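Visitor: Using numbering that gives the first Met the number 0, you'd call the opening residue of the sequence shown number 0 and step up by one each time.
First the structure, then my questions, so here it is.
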Amino acid sequence: MSLFSDDFAVYIKDNNLQNGMQVYIDFSPAKVNYISVFTTGGYGRDNTLDALTSIEEPTLQVAVAHKNSTVAKDTLQAINDFIQDKSNVVIGEHLYTLFSSQGDILYLSRDDDNRAKYVLNIRTIRIKNT
């Protein structure tokens with residue numbers, strides 16, 4: 000079973016939202032501009048549908064780091080705008096019935112490579128697509 004971060008990285012790439020940057024999973028590379036998707040846990044699983052199907056509510060954090068602060072923030076805003084009002088999206092083996100931002104885009108700081116870093120937390124509801 001794939002993690003939400005694995006699926007979401009594919010979703011970013013499939014919809015050309017990376018703005019010329021590479022997408023990484025659970026990793027932030029040095030020296031290059033990047034988008035990273037980190038698994039952050041989630042909420043309890045609901046197994047009430049049937050023995051084979053459960054409703055999961057995983058969460059993740061998307062981080063964008065770029066030398067140009069405006070590019071970093073605009074890229075993350077484009078990802079956030081794209082997921083709003085999306086429902087019943089199939090990615091890999093899951094049906095995602097909802098994407099939801101948790102809070103606003105947050106500016107963290109400039110890192111050791113002088114890239115501006117912004118993050119956004121996202122929650123979803125997903126069901127294994129059978």
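The beta-carbon is built from N, C-alpha and C at its ideal position, and this holds for glycine as well.
Keep in mind the model is a prediction, meaning the values are calculated, not measured.
(1) CB-CB under 6 angstroms to Q101, same chain, minus the five flanking residues each way: which ones, in chain order?
(2) Using CA coordinates, which residue listed in T39, D110, V88 and S53 is at the minimum distance from A64?
(3) Can you find a heavy atom of the ligand FAD that lies under 6 angstroms from the Cβ of I126?
(4) Kindly indicate which residue of A62, V118, R44 and D84 has the alpha-carbon position closest to the one of I126.
(5) Please state the DSSP three-state secondary structure of S53.
(6) So, helix, strand or coil for S100, using DSSP?
(7) Measure the C-alpha to C-alpha separation of V61 and V118 and round it to an integer number of angstroms.
(8) Report all residues from its chain with a CB closer than 7 angstroms to the CB of Y33; omit the five preceding and five following residues, and keep chain order.
(9) So, with DSSP's three-state summary, where would you put S4?
(10) For I124, which residues does DSSP report across the bridge?
(11) Check the C-beta distance from L59 over to F7 and give it rounded, since I have them as a contact under 8 angstroms.
(12) Could you tell me if Y42 is buried or exposed, where buried requires 16 or more neighbouring beta carbons within 10 angstroms of its beta carbon?
Guide: In brief:
(1) What you label residue 101 is simply residue 102 of the sequence shown in a count that begins at 1. Contacts found: N120 and R122.
(2) For the purposes of this step, residue 64 is taken as residue 65 along the sequence shown, with counting starting at 1. Comparing Cα-Cα distances from A64 to each of T39, D110, V88 and S53, the minimum goes to D110.
(3) As for the ligand FAD, it is missing from this structure, which has no ligand bound.
(4) Taking the sequence shown and counting its residues from 1, one reaches residue 126 at position 127. Minimum Cα distance to I126 is reached at R44.
(5) Walking along the sequence shown from the start, residue 53 turns up at place 54. DSSP places S53 in coil when its eight states are reduced to three.
(6) Mapped onto the sequence shown, residue 100 falls at position 101. S100 sits in a strand when the DSSP states are folded into three classes.
(7) Residue mapping note: residue 61 aligns to position 62 of the sequence shown, counting from 1. Residue mapping note: residue 118 aligns to position 119 of the sequence shown, counting from 1. In a straight line, the C-alpha of V61 is about 5 angstroms away from that of V118.
(8) For the purposes of this step, residue 33 is taken as residue 34 along the sequence shown, with counting starting at 1. Cβ neighbours of Y33 beyond the five flanking positions: M20, Q21, Y23, S27 and A64.
(9) Counting from one through the sequence shown, the residue named residue 4 turns up at place 5. S4 falls in the helix class under three-state DSSP.
(10) Within the sequence shown, numbered from 1, the residue matching residue 124 stands at position 125. L97.
(11) Working through the sequence shown from its first residue, we reach residue 59 at position 60. Working through the sequence shown from its first residue, we reach residue 7 at position 8. The pair is a contact, with the Cβ atoms about 6 angstroms apart (cut-off 8 angstroms).
(12) Counting from 1 along the sequence shown, the entry for residue 42 is found at position 43. Y42 should be labelled exposed.
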